[in-house]
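**Student:** Take 407 as the starting number for the sequence shown in the numbering used here and just add one per residue. Structure in structure tokens, see below.
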Amino acid sequence: MKIALITFTLLFSTAAWSHPHSFIDMKTEFISDNQHLSGMKMVWTMDEITSADLLYDAGKAKPGDVVWKKLAAQVMANVLGQHYFTEVWQDKNRVKFLNLPKEYNLSRNGNKAVLEFIVPFGEPQLLSAKQYRIQTFDPSYFIDMYYDNPQALTMDDTVKSHCQIELHTPKPDDSLKQYALSLDKADAPPEDMDLGQQFAQTVTLTCH
């Protein structure tokens, strides 16, 4: 499978010249275990161009086929290599994740590939008198990872009984936008610039 020869962040069209090169529409559900916040169930829908190589390798394989399982494992390995592309903070303390998701799955939705997985917290978090800040982004802004609307964020019944969600979408200034657009597919912004984070949405989970 040619997918094994490239990483998750290189599943993009050579016709794309400006940053970002790929787009992922996200949905996230905050989940609980024993009255604690235990993790996040994420669903990432990749744009058609990004999905093309994955769907080509999957061919006509049916859901649950071993081909899908192998592709899912390869893509998930690269996501894990980037710490799920996600940061969760409680005040100044960063919440750590387990190195392996409890479950993950790759499927097809029309011409788009859909990756589903659970980000498990290393330690379950309290649901009382805590506020959490969550960002999911590619530091280089090679991938634009976004929530289309606040309804893309949900909670299971236990979390919902304790917490509220807010979604903040930043408004970078025009000079930063123009800089991102000026980068071609061979360019990489300086690491200390954190370009992707400057465009990243922030989810705030406030619990009482």
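We treat Cβ as the ideally placed atom computed from N, Cα and C, and that holds for glycine. Remember, predicted model here, so these are calculated numbers, not experimental data.
Just checking my contact of I430 with M551 at CB under 8 angstroms: how many whole Å lie between their CB atoms?
**Tutor:** Taking the first residue of the sequence shown as position 1, residue 430 is located at position 24. Taking the first residue of the sequence shown as position 1, residue 551 is located at position 145. With a Cβ gap of about 5 angstroms, I430 and M551 count as contacting.
**Student:** Please determine if the segment 491 to 507 and the segment 539 to 553 are in contact, where contact requires at least 3 C-beta pairs separated by less than 8 angstroms.
**Tutor:** yes
**Student:** With 16 as the cutoff for other CB atoms within 10 Å, does D439 come out buried or exposed?
**Tutor:** Start at 1 with the first residue of the sequence shown, and residue 439 comes out as number 33. With fewer than 16 Cβ atoms within 10 Å of its Cβ, D439 is classed as exposed.
**Student:** Among A458, Q480, F503, which has the Cα closest to the Cα of K447?
**Tutor:** To locate residue 447, count along the sequence shown from 1; it is residue 41. Considering only alpha carbons, the answer is F503.
**Student:** Counting C-beta neighbours from all protein chains within 10 Å, is the total for P426 16 or more, i.e. buried, or is it exposed?
**Tutor:** On the sequence shown, residue 426 is found 20 positions in, with the first residue counted as 1. The C-beta of P426 has 16 or more other C-beta atoms within 10 Å across all chains shown, which makes the residue buried.
**Student:** Measuring CB to CB, does D562 end up less than 8 angstroms from I437?
**Tutor:** Within the sequence shown, residue 562 is the residue found at index 156, counting from 1. Within the sequence shown, residue 437 is the residue found at index 31, counting from 1. Yes, Cβ-Cβ distance for D562 and I437 is below 8 angstroms.
**Student:** Per DSSP, what kind of secondary structure is E572 in: helix, strand or coil?
**Tutor:** If you number the sequence shown from 1, residue 572 lands on position 166. Correct three-state label for E572: strand.
**Student:** With a Cβ-Cβ cutoff of 8 angstroms, do H568 and C613 count as a contact?
**Tutor:** Within the sequence shown, the letter at position 162 stands for residue 568. Within the sequence shown, the letter at position 207 stands for residue 613. Against a cut-off of 8 angstroms, the Cβ pair of C613 and H568 comes out as a contact.
**Student:** For V472, does the three-state DSSP call read helix, strand or coil?
**Tutor:** The sequence position of residue 472 within the sequence shown is 66, counting from 1. DSSP places V472 in helix when its eight states are reduced to three.
**Student:** What separation, rounded to the nearest whole angstrom, lies between the Cα atoms of N499 and V472?
**Tutor:** Within the sequence shown, the letter at position 93 stands for residue 499. Within the sequence shown, the letter at position 66 stands for residue 472. Using only the alpha carbons, I get a separation of about 40 angstroms.
**Student:** Mark G465 as exposed unless 16 or more other C-beta atoms lie within 10 angstroms of its C-beta, in which case mark it buried.
**Tutor:** On the sequence shown, position 59 is the one that residue 465 refers to. G465 comes out exposed.
**Student:** What residue range is occupied by the uninterrupted alpha helix (DSSP H) comprising F605?
**Tutor:** Mapped onto the sequence shown, residue 605 falls at position 199. Residues 601 to 605.
**Student:** Who are the Cβ neighbours of D497 in its own chain at under 8 angstroms, not counting the five residues just before and after it?
**Tutor:** By 1-based counting over the sequence shown, the position of residue 497 is 91. Correct list, in chain order: Q537.
**Student:** Residue ranges of each alpha helix (DSSP H) run of no fewer than 4 residues wholly in the segment 444 to 472, ordered along the chain?
**Tutor:** 454 to 464
**Student:** If I follow the unbroken beta strand (DSSP E) through D562, where does it start and stop?
**Tutor:** As a working note, residue 562 is residue 156 in the sequence shown. Neither: D562 is in no beta strand (DSSP E) and is coded neither H nor E.
**Student:** K583 by DSSP, collapsed to three states: which one?
**Tutor:** Position 177 of the sequence shown holds residue 583. Helix at K583.
**Student:** How far does the beta strand (DSSP E) with G528 in it reach, from first residue to last?
**Tutor:** To locate residue 528, count along the sequence shown from 1; it is residue 122. It spans 518 to 532 - the beta strand (DSSP E) in which G528 sits, taken as one unbroken run.
**Student:** Excluding sequence positions up to five away, which residues of its chain have a Cβ less than 6 angstroms from the Cβ of T434?
**Tutor:** Within the sequence shown, the letter at position 28 stands for residue 434. Within the same chain, T434 has close Cβ partners M446, M448, L559.
**Student:** Once the 5 residues before and after Y553 are set aside, which same chain residues still bring their CB inside 7 angstroms of it?
**Tutor:** The count along the sequence shown starts at 1 and reaches residue 553 at position 147. M432, L559, L573, Q607, listed in sequence order.
**Student:** What three-state label does DSSP hand N511 in the structure shown?
**Tutor:** Taking the first residue of the sequence shown as position 1, residue 511 is located at position 105. The answer is strand: DSSP assigns N511 an E or B state.
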